[in-house]
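Whatever position you read off the sequence shown (first residue = 1), add 7 for this note's numbering.
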Amino acid sequence: MTWAVATFYNDKICCALPVVGMSNLVTLLEHTEAYRRDLRRVEYGDERDPKMREYLEKIAPLNNSEKIHKPIFAVVGKNDPRVPWTESRQMLDKLKNSGVNTWFLMANDEGHGYAKKKNQDFQFYATIMFVRTFLLGQNLSAMK
């Protein structure tokens, strides 16, 4: 949902922090682990159906990335079987090419969310830096 909010409600936010976020349900379904695909197709729609594929591509944050102008900090695990890290990377690549401030954190030894304390701590402090810079910093300057 964070990618969708950043895309379709960008004027209402200061920044966004998608954690293991999906940027395109078609690419998610094509690249998620095979054992998960059928269950996700029931949940999101079957990308193999041409009409559903067209709809999913139409609403995909990846295909509407020009609407994003606020800073983004994407957090992923390299070994995520649910949402491949490439979902966020493909989005960040598009955003970076359009001048959006992007941060990226990938733990090479994590999956869907961070379970190891050292990674949780690193994510926590990086999140504080991001929020302090792009959320609190904007609000503090607006209050002056």
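Backbone N, C-alpha and C define an ideal beta-carbon position, used for all residues, glycine too.
D100 and D45 have their alpha carbons spaced roughly 29 Å apart. For V82, there is no enclosing alpha helix (DSSP H); the residue is part of the beta strand (DSSP E) that begins and ends at I79 to G84. Straight-line spacing of the CA atoms in N71 and K103 works out to 14 Å. Between F80 and F137, the gap from beta carbon to beta carbon is short of 8 Å. For G144, the secondary structure class from DSSP, reduced to helix, strand or coil, is helix. Taking each of R139, T134, G144 and Y62 in turn and checking the Cα distance to P25, the smallest one comes out for T134.
Leaving aside the five residues that flank N86 on each side, the residues in its chain whose CB is nearer than 7 Å to its CB run, in chain order, E117 and G118.
Annotated three-state conformation of A122 is coil, per DSSP.
Of the candidates I66, A13, E37 and F15, E37 places its Cα closest to the Cα of V90. Among the bridge pairs identified by DSSP, F111 is matched with A81. Note on geometry: alpha-carbon atoms of T14 and E54 lie some 21 Å from one another.
In the three-state reduction of the DSSP assignment, V26 falls in the strand class, which pools E and B.
The C-beta distance from S30 to Q97 rounds to 6 Å, short enough to fall under 8 Å. Separation of A122 and E61 (C-alpha to C-alpha, rounded to the nearest whole angstrom) is 36 Å. By alpha-carbon distance to N115, the top candidate from I75, K74, V27 and V83 is V83.
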